[in-house]
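Right, one structure below, let's go through it.
Residue numbers (mature numbering (1 follows the signal peptide of the UniProt record, and there is no 0)): -19 to -1, 1 to 196.
Below is the structure:
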């Protein structure tokens, strides 16, 4: 099923044209295909990510949330069994598992002043970093896209469009966060989010979908 861009695409196209002070042809609000054609891949996928965030993405994250300590125990027993019980991934056994987790940690290091803002956490009490929260706006990876069972590569035009969707979902995660300022080291963070599993020894790189600091 091909995704569709709704009237918001038309509004964005019109606003962009107005800001640039250009005279453009009026777009028929009923002609979604014409409005969509005027947008870049990045614009269309950003709009689509916003349309599905609250209705589809967040319910999927919530439905698959597992406490981090519980997931660690399950992964230590057997990765695929843990994946079958809690994980999400695109079709094909070669693809890595993605997990939605909830957890609490202590901030060991904070980098919130750059575009790839991050919080580095200790979540197991050994004073070592074991979780990194990617706050963005620059966020590595496509875990949010790849974890969604309703987002299939075959429904999109090509790899470029699919990649832009991953960027759009990461941007939505960043937009919904309140990133604290000041000296954060030593404060407690409660979070929910998603990560792509690599191995038992790697620091988890989590894209947070909810986060509270210092409460």
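Cβ coordinates follow ideal geometry from the N, Cα and C atoms, glycine included.
Beta-carbon spacing of residue i, residue j below 8 Å
| i | j | result |
| --- | --- | --- |
| residue 38 | residue 129 | yes |
| residue 172 | residue 80 | no |
| residue 166 | residue 89 | yes |
| residue 168 | residue 149 | no |
| residue 48 | residue 106 | no |
| residue 125 | residue 91 | no |
| residue 86 | residue 102 | yes |
| residue 104 | residue 162 | no |
| residue 34 | residue 178 | no |
Local Cβ density within 10 Å of residue i, reported as buried at 16 or more and exposed below that
| i | result |
| --- | --- |
| residue 57 | exposed |
| residue 143 | buried |
| residue 181 | exposed |
| residue 151 | buried |
| residue 70 | buried |
| residue 63 | buried |
| residue 131 | exposed |
| residue 250 | Residue 250 is absent from the structure shown; the chain starts at -19 and stops at 196. |
| residue 100 | buried |
| residue 115 | buried |
Identified DSSP bridge partners for residue i
| i | result |
| --- | --- |
| residue 174 | 82, 189 |
| residue 88 | 102 |
| residue 38 | According to DSSP, which records beta bridges pairwise, residue 38 is partnered with nothing at all. |
| residue 69 | 79 |
| residue 60 | DSSP output for residue 60 lists no bridge partner at all. |
| residue 117 | 98 |
Heavy atom of the ligand HEM within 7 Å of residue i beta-carbon
| i | result |
| --- | --- |
| residue 100 | Ligands are entirely absent from the displayed structure, and the ligand HEM is therefore not among its contents. |
Given residue i as reference, the closest of the options once Cα atoms are compared
| i | options | result |
| --- | --- | --- |
| residue 185 | 121, 154, 18 | 121 |
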